[in-house]
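Take a look at the structure set out below.
Put into C-alpha coordinates, the structure is as follows:
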(Lines of atoms letter the chains of each structure in order from A and count residues from 1; the text may use other names and numbers.)
(Lines give C-alpha, C1' and ligand atoms only; values in the text may rest on other atoms or scores of the structure.)
Protein backbone atom coordinates (compact mmCIF):
# COMPACT_ATOMS: atom_id res chain seq x y z
CA UNK A 1 0.00 0.00 0.00
CA UNK A 2 1.32 3.45 -0.90
CA UNK A 3 1.76 6.21 1.65
CA UNK A 4 -1.02 8.12 -0.10
CA UNK A 5 -3.39 5.19 0.37
CA UNK A 6 -2.47 5.07 4.06
CA UNK A 7 -3.16 8.80 4.25
CA UNK A 8 -6.65 8.23 2.84
CA UNK A 9 -7.32 5.78 5.67
CA UNK A 10 -5.76 7.62 8.61
CA UNK A 11 -6.82 11.09 7.50
CA UNK A 12 -5.66 13.82 9.86
CA UNK A 13 -5.34 11.64 12.93
CA UNK A 14 -2.21 12.40 14.99
CA UNK A 15 0.74 12.07 15.15
CA UNK A 16 2.61 11.53 11.91
CA UNK A 17 2.03 13.70 8.85
CA UNK A 18 2.30 12.50 5.27
CA UNK A 19 5.40 14.68 4.88
CA UNK A 20 7.07 13.02 7.87
CA UNK A 21 6.01 9.61 6.56
CA UNK A 22 7.66 10.37 3.21
CA UNK A 23 10.88 11.41 4.95
CA UNK A 24 11.07 8.31 7.11
CA UNK A 25 10.12 6.04 4.18
CA UNK A 26 13.02 7.47 2.19
CA UNK A 27 15.29 6.91 5.19
CA UNK A 28 14.11 3.30 5.49
CA UNK A 29 14.80 2.69 1.81
CA UNK A 30 18.18 4.42 1.89
CA UNK A 31 19.42 2.40 4.86
CA UNK A 32 17.60 -0.85 3.97
CA UNK A 33 15.84 -0.99 7.32
CA UNK A 34 14.02 -4.24 8.00
CA UNK A 35 13.32 -4.51 11.74
CA UNK A 36 11.71 -1.53 13.46
CA UNK A 37 11.04 -0.86 17.13
CA UNK A 38 8.52 1.91 17.76
CA UNK A 39 7.99 3.38 21.22
CA UNK A 40 4.66 5.20 21.38
CA UNK A 41 1.97 4.70 18.74
CA UNK A 42 -1.13 6.59 20.02
CA UNK A 43 -3.72 5.79 17.30
CA UNK A 44 -1.22 3.79 15.23
CA UNK A 45 -0.88 6.29 12.39
CA UNK A 46 2.91 6.20 12.37
CA UNK A 47 2.85 2.41 12.61
CA UNK A 48 0.75 2.16 9.44
CA UNK A 49 3.12 4.47 7.58
CA UNK A 50 6.15 2.49 8.80
CA UNK A 51 4.54 -0.77 7.69
CA UNK A 52 3.82 0.69 4.26
CA UNK A 53 7.42 1.89 3.97
CA UNK A 54 8.71 -1.60 4.79
CA UNK A 55 6.33 -3.14 2.27
CA UNK A 56 7.76 -0.88 -0.42
CA UNK A 57 11.21 -2.44 0.03
CA UNK A 58 10.04 -6.02 0.34
CA UNK A 59 8.81 -6.34 3.91
CA UNK A 60 10.14 -6.45 7.43
CA UNK A 61 8.93 -6.48 11.02
CA UNK A 62 7.64 -3.91 13.49
CA UNK A 63 7.35 -4.15 17.26
CA UNK A 64 5.48 -1.21 18.75
CA UNK A 65 4.61 -0.37 22.36
CA UNK A 66 2.30 2.08 24.10
CA UNK A 67 0.15 2.33 27.23
CA UNK A 68 -3.12 0.53 27.96
CA UNK A 69 -4.93 3.82 27.42
CA UNK A 70 -4.08 3.64 23.70
CA UNK A 71 -6.42 0.66 23.34
CA UNK A 72 -9.40 2.91 24.16
CA UNK A 73 -8.66 5.39 21.39
CA UNK A 74 -11.08 5.64 18.49
CA UNK A 75 -9.79 4.37 16.19
CA UNK A 76 -7.05 2.41 17.91
CA UNK A 77 -4.01 0.80 16.37
CA UNK A 78 -5.76 -2.51 15.75
CA UNK A 79 -8.51 -0.82 13.74
CA UNK A 80 -6.09 1.19 11.60
CA UNK A 81 -3.75 -1.73 10.96
CA UNK A 82 -6.72 -3.87 9.92
CA UNK A 83 -7.96 -1.20 7.51
CA UNK A 84 -4.49 -0.96 5.97
CA UNK A 85 -4.06 -4.73 5.79
CA UNK A 86 -1.10 -4.81 8.18
CA UNK A 87 -2.67 -6.34 11.29
CA UNK A 88 -0.69 -9.57 10.92
CA UNK A 89 2.59 -7.79 10.22
CA UNK A 90 2.95 -5.78 13.43
CA UNK A 91 3.47 -6.95 17.02
CA UNK A 92 1.86 -4.34 19.26
CA UNK A 93 1.86 -4.22 23.04
CA UNK A 94 -0.19 -2.26 25.56
CA UNK A 95 1.66 -1.67 28.83
CA UNK A 96 0.18 -0.49 32.17
CA UNK A 97 2.97 1.92 33.16
CA UNK A 98 5.77 2.29 30.61
CA UNK A 99 7.19 0.80 27.43
CA UNK A 100 10.38 0.21 29.41
CA UNK A 101 8.90 -2.89 31.05
CA UNK A 102 8.28 -4.48 27.66
CA UNK A 103 11.82 -3.54 26.61
CA UNK A 104 13.09 -5.48 29.62
CA UNK A 105 11.16 -8.53 28.41
CA UNK A 106 12.53 -8.19 24.89
CA UNK A 107 16.06 -8.05 26.31
CA UNK A 108 15.34 -11.13 28.44
CA UNK A 109 14.01 -13.06 25.45
CA UNK A 110 17.18 -12.27 23.49
CA UNK A 111 15.46 -13.25 20.24
CA UNK A 112 15.24 -10.06 18.22
CA UNK A 113 17.32 -7.02 17.40
CA UNK A 114 16.37 -3.92 15.49
CA UNK A 115 18.02 -1.67 12.93
CA UNK A 116 15.74 1.31 13.65
CA UNK A 117 14.02 2.60 16.76
CA UNK A 118 11.47 5.38 16.31
CA UNK A 119 11.07 6.86 19.78
CA UNK A 120 7.90 8.93 20.07
CA UNK A 121 6.57 8.23 23.56
CA UNK A 122 7.21 9.17 27.15
CA UNK A 123 8.68 12.57 26.31
CA UNK A 124 10.31 12.90 29.71
CA UNK A 125 13.73 12.41 31.21
CA UNK A 126 12.67 9.34 33.18
CA UNK A 127 11.12 7.30 30.37
CA UNK A 128 13.11 8.50 27.37
CA UNK A 129 16.44 8.59 29.18
CA UNK A 130 16.14 5.05 30.48
CA UNK A 131 14.67 3.84 27.19
CA UNK A 132 17.80 4.99 25.35
CA UNK A 133 19.99 2.60 27.34
CA UNK A 134 17.50 -0.26 26.98
CA UNK A 135 17.11 0.31 23.24
CA UNK A 136 20.90 0.29 22.93
CA UNK A 137 20.87 -3.34 24.06
CA UNK A 138 18.35 -4.20 21.35
CA UNK A 139 19.84 -2.15 18.52
CA UNK A 140 22.09 -3.77 15.93
CA UNK A 141 25.52 -2.23 15.26
CA UNK A 142 24.96 0.35 12.55
CA UNK A 143 21.31 0.72 13.59
CA UNK A 144 19.57 4.05 14.09
CA UNK A 145 17.47 5.79 16.72
CA UNK A 146 15.15 8.63 15.76
CA UNK A 147 14.00 10.77 18.68
CA UNK A 148 10.79 12.66 17.96
CA UNK A 149 9.68 15.90 19.64
CA UNK A 150 13.11 17.08 20.74
CA UNK A 151 11.74 20.39 21.97
CA UNK A 152 8.30 19.35 23.21
CA UNK A 153 7.29 20.47 26.69
CA UNK A 154 4.27 19.75 28.87
CA UNK A 155 3.72 23.34 29.99
CA UNK A 156 0.58 23.65 27.82
CA UNK A 157 -1.06 20.57 29.35
CA UNK A 158 -3.80 20.97 31.95
CA UNK A 159 -4.13 17.31 32.83
CA UNK A 160 -3.75 16.32 36.52
CA UNK A 161 -0.60 14.28 35.94
CA UNK A 162 1.12 17.19 34.19
CA UNK A 163 0.03 19.78 36.75
CA UNK A 164 1.56 17.66 39.52
CA UNK A 165 4.99 18.05 37.97
CA UNK A 166 7.40 20.73 39.22
CA UNK A 167 7.33 23.83 37.03
CA UNK A 168 10.92 23.25 35.92
CA UNK A 169 10.01 19.83 34.54
CA UNK A 170 6.92 21.17 32.80
CA UNK A 171 8.81 23.87 30.90
CA UNK A 172 11.96 21.87 30.08
CA UNK A 173 12.23 20.07 26.72
CA UNK A 174 13.23 16.78 28.30
CA UNK A 175 13.80 14.77 25.12
CA UNK A 176 16.31 17.46 24.15
CA UNK A 177 18.07 16.87 27.49
CA UNK A 178 18.32 13.16 26.73
CA UNK A 179 19.62 13.94 23.24
CA UNK A 180 22.26 16.43 24.40
CA UNK A 181 23.35 14.85 27.70
CA UNK A 182 23.04 11.10 27.10
CA UNK A 183 22.96 10.35 23.38
CA UNK A 184 25.45 12.72 21.78
CA UNK A 185 28.23 12.15 24.36
CA UNK A 186 27.80 8.37 24.17
CA UNK A 187 30.93 6.72 22.70
CA UNK A 188 28.90 4.12 20.81
CA UNK A 189 26.89 6.64 18.77
CA UNK A 190 27.72 9.01 15.94
CA UNK A 191 26.28 10.59 12.78
CA UNK A 192 24.05 12.89 14.80
CA UNK A 193 21.75 15.19 12.93
CA UNK A 194 18.53 17.06 13.48
CA UNK A 195 15.72 17.35 10.97
CA UNK A 196 12.75 19.35 12.16
CA UNK A 197 11.59 17.83 15.44
CA UNK A 198 13.61 14.64 14.88
CA UNK A 199 17.06 13.81 16.17
CA UNK A 200 18.97 10.99 14.45
CA UNK A 201 21.76 8.94 15.99
CA UNK A 202 23.53 5.89 14.56
CA UNK A 203 25.06 3.12 16.63
CA UNK A 204 28.71 2.55 15.75
CA UNK A 205 29.22 -0.58 13.65
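Residue numbers (our numbering): 56 to 260. In this text, a Cβ means the ideal position worked out from N, Cα and C, and glycines have one as well. Quick caveat, the model's predicted, so the values are computed rather than measured.
Taking DSSP as the reference, what is the three-state secondary structure of residue 147? By 1-based counting over the chain shown, the position of residue 147 is 92. Residue 147 carries a strand assignment under DSSP once its states are collapsed to helix, strand and coil.
What residue range is occupied by the uninterrupted alpha helix (DSSP H) comprising residue 234? Position 179 of the chain shown, counted from the first residue, corresponds to residue 234. Counting along the chain, residue 234 sits inside no alpha helix (DSSP H), nor does DSSP assign it H or E at all.
Kindly indicate the opening and closing residues of the alpha helix (DSSP H) around residue 132. The residue given as residue 132 occupies position 77 in the chain shown. Element bounds for residue 132: 132-139.
Spatial neighbours of residue 249 in its chain, beta-carbon cut-off 8 Å, leaving aside the 5 residues before and after: Position 194 of the chain shown, counted from the start, is the residue given in the question as residue 249. These residues qualify, in order along the chain: 205 and 255.
Hey, would you say residue 174 sits closer than 7 Å to residue 94, going by beta carbons? As a position in the chain shown, residue 174 is number 119, starting the count at 1. As a position in the chain shown, residue 94 is number 39, starting the count at 1. For residue 174 and residue 94, yes; Cβs fall inside 7 Å.
Smallest Cα separation from residue 136: which of 252, 80, 65 and 155? As a working mapping, residue 136 is identified with position 81 in the chain shown. Cα-wise, what sits closest to residue 136 is 65.
Assign residue 247 to one of three DSSP states: helix, strand, or coil. Your numbering for residue 247 matches position 192 in the chain shown. It is a strand residue.
Work out the CA separation of residue 221 and residue 211 for me, nearest whole Å. Walking along the chain shown from the start, residue 211 turns up at place 156. Walking along the chain shown from the start, residue 221 turns up at place 166. Roughly 14 Å between the two C-alpha positions.
Looking at the unbroken beta strand (DSSP E) that takes in residue 256, where does it start and where does it end? The residue you call residue 256 lines up with position 201 of the chain shown. Run containing residue 256: 253-258, per the beta strand (DSSP E) assignment.
Per DSSP, what are the beta-bridge partners of residue 91 in this structure? By 1-based counting over the chain shown, the position of residue 91 is 36. Beta-bridge pairing links residue 91 to 117 and 171.
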